[in-house]
């Protein structure tokens with residue numbers, strides 16, 4: 019067979035990490051998972067490939083263009099582009115087996131064939147939680163999610179972040195009261211851009227959409243409310259908008275704010291931001307976005323909201339839900355690229371066992387004792403100079419090295435070297451176990 | 019927009035679990051990961067999609083037929099069908115950034131468009147570890163892997179399993195000594211079937227391959243050696259096969275056996291099985307298969323071996339390696355389908371907080387305190403009868419329920435119900451935390 023060397027490369031837009039980065043990434047993933055489970059969310063792991071007609075039941079436009087879709091034999095298949103559509107499918111399919119409210123988390127890869135650019139990935143992790151009700155779902159659930167966001171980002175090591183909340187009913191009610199209901203989707207999309215394009219540009223776009231000045235004034239005075247949670251609610255009441263949807267939204271917002279505090283989110287970590295609309299038509303009530311205060315340029319790091327109908331394309335059952343999502347791959351990239359976090363662990367091992375003698379019996383025995391005592395231990399079993407073995411320990415930044423030479427074996431002790439301080443001690447294996455366990 | 023209801027379904031050959039099964043699956047996955055990390059293996063998470071020319075550099079025949087391959091724009095893409103080819107790509111690509119021996123684990127989904135049948139999946143998890151040397155790799159590494167297998171299956175709750183080892187050089191040397199080198203691949207494939215088709219059928223197939231009777235006799239007397247580890251080595255020596263490859267294989271086997279024991283694998287959990295060849299041309303030395311003694315019909319649950327050249331299609335560097343793989347999806351299916359293991363946890367929460375009063379402030383406060391004390395806690399926030407709330411707790415088998423009624427709130431205590439014993443106590447929240455933490 020002729021040998022044909024192919025230069026290996028990873029596809030553009032696909033994240034592939036070095037081990038130290040992967041350790042950090044996995045730690046973050048694990049923290050998110052632990053945090054989700056702390057609130058009683060159940061794990062799901064749906065397939066990455068689904069039947070195209072299922073995945074695309076609702077999609078259209080941009081999504082359909084980005085999707086990875088292909089034939090395999092007679093089957094028209096597609097890779098999931100989010101975790102919400104598979105959830106809708108799942109909840110409908112296993113409805114009889116689930117207990118409602120159904121709380122699930124899913125952490126998994128999704129696929130979008132976007133134009134590759136820095137920080138935009140075609141394969142990326144989403145970390146989603148959703149609470150799905152059967153027919154109804156209390157607003158208390160909307161108030162619990164900021165508590166999950168708070169707990170998760172604290173766990174990830176952040177203190178200064180702001181969970182911004184809003185309610186789509188306020189915006190919708192405002193539009194209804196102005197007779198702008200038909201244009202509401204367009205207006206929402208415009209408002210949603212205020213952070214990027216600024217107030218003046220938004221006003222200009224609204225004028226371009228043929229909206230009367232006094233209505234633009236009302237909309238702008240609405241979205242310009244930017245004060246404390248309590249004051250915002252006062253100001254909203256003072257707008258005196260006598261529209262049913264608006265008043266319902268205001269009531270929901272009041273309930274939400276009341277319970278967010280009780281669920282332990284400090285007032286420094288959340289606020290009402292009436293400019294948040296989350297462009298999607300999907301959301302019908304509460305909406306969330308989360309910003310790292312010192313790195314607001316990263317955009318929202320955790321978003322979501324309330325929707326009336328999770329699975330309307332699959333069932334006539336009304337399944338309202340509320341959920342949030344963390345785009346972990348993008349977040350990880352941004353945090354490392356901007357030096358906000360940094361990989362600081364190059365090994366999963368706490369100890370490396372190396373040998374100065376040819377027979378590896380004693381090192382193997384020592385490594386086994388350490389492992390049996392719950393200490394992650396690696397061996398270096400190649401017959402090379404001790405210097406090279408230490409170089410290996412250094413390159414992996416393994417905190418402790420156990421060296422075994424003839425003397426050590428004779429004395430029934432090992433030489434334990436702390437690779438950070440350089441300190442070296444001759445200890446029995448029991449002493450080593452005790453010492454490392456206590457750290 | 020007209021509503022078009024699509025009946026949701028999951029593709030055949032794609033595993034999708036209910037939450038209780040998913041909890042069990044995730045527990046197994048976590049145990050495997052912990053066990054791999056105990057030996058210092060580093061995590062990797064390569065993309066599921068790769069360039070088709072990269073993935074198929076080596077493939078051919080069956081693999082190529084099964085692969086999910088498709089165009090996206092101008093790109094010829096494929097889904098990975100194992101984790102070894104991506105590893106070969108990775109090690110070549112990041113060679114300069116890695117420390118050798120490079121020990122990595124990867125737990126992830128792979129894709130094969132096999133004929134769907136029970137227990138055969140088109141999307142399934144593989145849990146792989148490999149140790150890759152730069153130029154050389156000591157046989158000690160081959161001896162460490164059975165220790166990883168042992169530790170992992172013990173962790174998974176098994177006691178009675180046998181790690182079967184062999185060395186391909188013994189077989190190859192045997193064939194060389196019989197002048198059957200050219201036919202060795204065919205013969206290996208035939209021998210590999212002995213477990214399924216029996217000795218007589220193997221002899222018949224070898225006769226069909228035009229092999230002389232005396233040679234078949236030697237081959238059969240070789241693969242019929244089935245005794246203790248020590249005796250097997252004696253018998254192999256007594257065969258008196260004076261072939262360099264054979265003798266090298268015998269030396270390697272002796273070393274392997276010596277160190278496997280030192281690495282803590284009891285003699286009851288491993289044996290030499292000279293019939294194991296692992297059909298693939300890939301392996302060049304040590305090979306492993308693992309069987310659950312009481313469920314041998316499941317086939318090997320963990321297999322692998324030593325190979326000379328991980329990445330010969332991507333680089334001229336010689337990168338020998340040794341690795342094993344657990345096919346977790348298939349294993350999980352078999353274990354649950356045959357009632358060997360059973361999902362026994364329907365919730366991630368230890369406590370459910372329910373309320374008999376309309377205002378949810380106190381329940382929200384209590385839930386938050388429990389969570390802040392590290393106790394996984396779920397709330398039931400819907401306004402329904404208490405009976406229905408208890409039904410919910412029961413359906414999710416949440417071990418404890420905290421009930422808050424007007425009396426409890428007045429007294430500053432909560433009612434904690436043990437859902438297994440039915441026992442109910444009025445406790446302060448501090449007492450609840452203490453009690454649940456101590457369990």
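Residue numbers (my numbering), protein chains in the order written: chain S, 19 to 457; chain Y, 19 to 457.
Beta carbons are placed, not taken as given, at the ideal position from N, Cα and C, and that holds for glycine.
The structure presented is a predicted model; accordingly, all values stated were derived computationally and were not measured.
Could you pull out every residue in the same chain whose Cβ sits closer than 6 Å to the Cβ of residue i, ignoring the five residues on either side in sequence?
{"i": "residue 141/S", "result": "32, 127, 129"}
{"i": "residue 28/Y", "result": "34"}
{"i": "residue 104/Y", "result": "64, 98"}
{"i": "residue 403/Y", "result": "none"}
{"i": "residue 110/S", "result": "329, 332, 333"}
{"i": "residue 414/Y", "result": "364, 365"}
{"i": "residue 76/Y", "result": "331"}
{"i": "residue 427/Y", "result": "380"}
Is the Cβ of residue i closer than 8 Å to any Cβ of chain Y?
{"i": "residue 122/S", "result": "yes"}
{"i": "residue 396/S", "result": "yes"}
{"i": "residue 281/S", "result": "yes"}
{"i": "residue 302/S", "result": "no"}
{"i": "residue 334/S", "result": "yes"}
{"i": "residue 345/S", "result": "no"}
{"i": "residue 56/S", "result": "yes"}
{"i": "residue 131/S", "result": "yes"}
{"i": "residue 115/S", "result": "yes"}
{"i": "residue 434/S", "result": "no"}
{"i": "residue 22/S", "result": "yes"}
Enumerate in chain order the residues of its own chain whose CB-to-CB distance from residue i is below 7 Å, with the five nearest sequence positions on each side excluded.
{"i": "residue 118/S", "result": "150, 151, 152"}
{"i": "residue 257/S", "result": "240"}
{"i": "residue 318/S", "result": "307, 308, 309"}
{"i": "residue 431/S", "result": "444, 445, 446"}
{"i": "residue 220/Y", "result": "208, 209, 211, 212"}
{"i": "residue 259/Y", "result": "191, 192, 195"}
Is residue i helix, strand or coil when you go by DSSP?
{"i": "residue 121/S", "result": "strand"}
{"i": "residue 296/S", "result": "coil"}
{"i": "residue 146/S", "result": "strand"}
{"i": "residue 427/S", "result": "helix"}
{"i": "residue 244/Y", "result": "coil"}
{"i": "residue 33/Y", "result": "coil"}
{"i": "residue 350/Y", "result": "helix"}
{"i": "residue 102/S", "result": "helix"}
{"i": "residue 89/Y", "result": "strand"}
{"i": "residue 329/S", "result": "coil"}
{"i": "residue 191/S", "result": "helix"}
{"i": "residue 309/S", "result": "strand"}
{"i": "residue 177/Y", "result": "coil"}
Closer than 8 Å, CB to CB, is residue i near chain S or not?
{"i": "residue 35/Y", "result": "yes"}
{"i": "residue 86/Y", "result": "yes"}
{"i": "residue 391/Y", "result": "no"}
{"i": "residue 159/Y", "result": "yes"}
{"i": "residue 141/Y", "result": "yes"}
{"i": "residue 184/Y", "result": "no"}
{"i": "residue 208/Y", "result": "no"}
{"i": "residue 69/Y", "result": "yes"}
Between residue i and the rest of its own chain, which residues show a CB-CB distance below 8 Å, the 5 nearest in sequence each way excluded?
{"i": "residue 293/S", "result": "184, 209, 210, 212, 213, 241"}
{"i": "residue 84/S", "result": "99, 130, 131, 132"}
{"i": "residue 437/Y", "result": "411, 412, 415, 416, 417, 418, 419"}
{"i": "residue 401/Y", "result": "376"}
Just to check my reading of the structure: residue i and residue j have Cβ atoms closer than 8 Å, yes? What is that Cβ distance to the nearest angstrom?
{"i": "residue 283/Y", "j": "residue 205/Y", "result": "The Cβ separation is near 30 Å, so there is no contact."}
{"i": "residue 157/Y", "j": "residue 273/Y", "result": "5 Å"}
{"i": "residue 339/S", "j": "residue 163/S", "result": "That belief does not hold up - the Cβ atoms of residue 339/S and residue 163/S are roughly 11 Å apart, past 8 Å."}
{"i": "residue 215/Y", "j": "residue 224/Y", "result": "Not quite, the Cβ-Cβ distance comes to about 12 Å (not below 8 Å), so this is no contact."}
{"i": "residue 191/S", "j": "residue 261/S", "result": "4 Å"}
{"i": "residue 174/Y", "j": "residue 46/Y", "result": "6 Å"}
Stretch-stretch touch, CB-based, cutoff 8 Å, three pairs: the segment 380 to 388 of chain S with the segment 341 to 361 of chain S | Contact annotation: the segment 380 to 388 of chain S does not touch the segment 341 to 361 of chain S, with fewer than three C-beta pairs closer than 8 Å.
When the Cβ atoms of the segment 243 to 252 of chain Y are set against those of the segment 164 to 179 of chain Y, are three or more pairs found closer than 8 Å?
-> Because the criterion of three Cβ pairs below 8 Å is not met, the segment 243 to 252 of chain Y and the segment 164 to 179 of chain Y do not touch.
Is the segment 33 to 52 of chain Y close to the segment 84 to 96 of chain Y, with three or more CB pairs under 8 Å?
-> With a cut-off of 8 Å on Cβ pairs, the segment 33 to 52 of chain Y is not in contact with the segment 84 to 96 of chain Y, counting fewer than three such pairs.
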